[in-house]
Every structure is written in structure tokens, then in C-alpha cells.
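Counting from 1, one number per residue, gives the positions in the sequence shown under the UniProt record's numbering.
Everything below concerns the one structure shown next.
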Amino acid sequence: MHASTSAKNQEARLSALQTEIDTLQLALGEHEDPEKIVKNHIKLLHQYNEAKDATQILIGRLATLKETTVRQIHDDLGLDGAD
């Protein structure tokens, strides 16, 4: 901390940070490994992206077969840009 910060303020800040750490650890789970959780999330995101890419390929082919645009297929299926 900065030298100009009083010892009392430093202690209060440290206490607040420790409380935040304890709260986050409780939400995470006492014996959970954060690195393992992050690796699992990355794996799930990779699977999601593969499925999304495959879906977009199929939508592109459907658009070609129907002789329309991918945008029109998205509209017909009720998909927005976030999907």
C-alpha cells in the first residue's frame, strides 16, 4: 500500500479483502481447485464453439439449397446475432 495510507486504513482494506476471499472461496467450494475449474470451462467453451461452427456450416448449406441468404435462414429460425 502507499506510504501515505494510514496503518488503520491498511488493516481495514486487508480485512475487507480477506472477507472477499472467504466469500469467493465459499462460493467456489472449500476443496475446489480453481485451475481445474478454469480448464473445464475452457474445454466446455471449445465444445460449444465447435458445435456453433458446425451449425453455421449447416445453415450455410441450407441457405444454398433454398437459394437464400444465411441472414434469411437466421431470421426464419428466430436466431439473433448472439446465437
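Here a beta-carbon is modelled for each residue, glycine too, at the ideal position from N, C-alpha and C.
Item to check | Neighbourhood of I37 by C-beta distance below 8 Å, restricted to the same chain and skipping five residues each side | outcome: Indexing the sequence shown from 1 puts residue 37 at position 37. Same-chain partners within the cutoff: L28.
Item to check | Within the region 1-41, ranges of the alpha helix (DSSP H) (whole runs, at least 4 residues) | outcome: With a minimum length of 4 residues, the continuous alpha helix (DSSP H) runs that stay inside the region 1-41 are 7-28.
Checklist entry - Applying the criterion that 16 or more other CB atoms from any shown protein chain within 10 Å of the CB defines a buried residue, is I42 buried or exposed? => result What you label residue 42 is simply residue 42 of the sequence shown in a count that begins at 1. Looking at its Cβ environment, which holds fewer than 16 other Cβ atoms inside 10 Å, I42 is exposed.
Checklist entry - By a C-beta neighbour count over all protein chains shown, 10 Å radius and 16 as the cutoff for buried, is I73 buried or exposed? => result By one-based count along the sequence shown, residue 73 stands at place 73. Looking at its Cβ environment, which holds 16 or more other Cβ atoms inside 10 Å, I73 is buried.
Checklist entry - Going straight from the alpha carbon of N40 to that of H46, what length do you get? => result Start at 1 with the first residue of the sequence shown, and residue 40 comes out as number 40. Start at 1 with the first residue of the sequence shown, and residue 46 comes out as number 46. Taking the straight line joining both Cα atoms gives about 10 Å.
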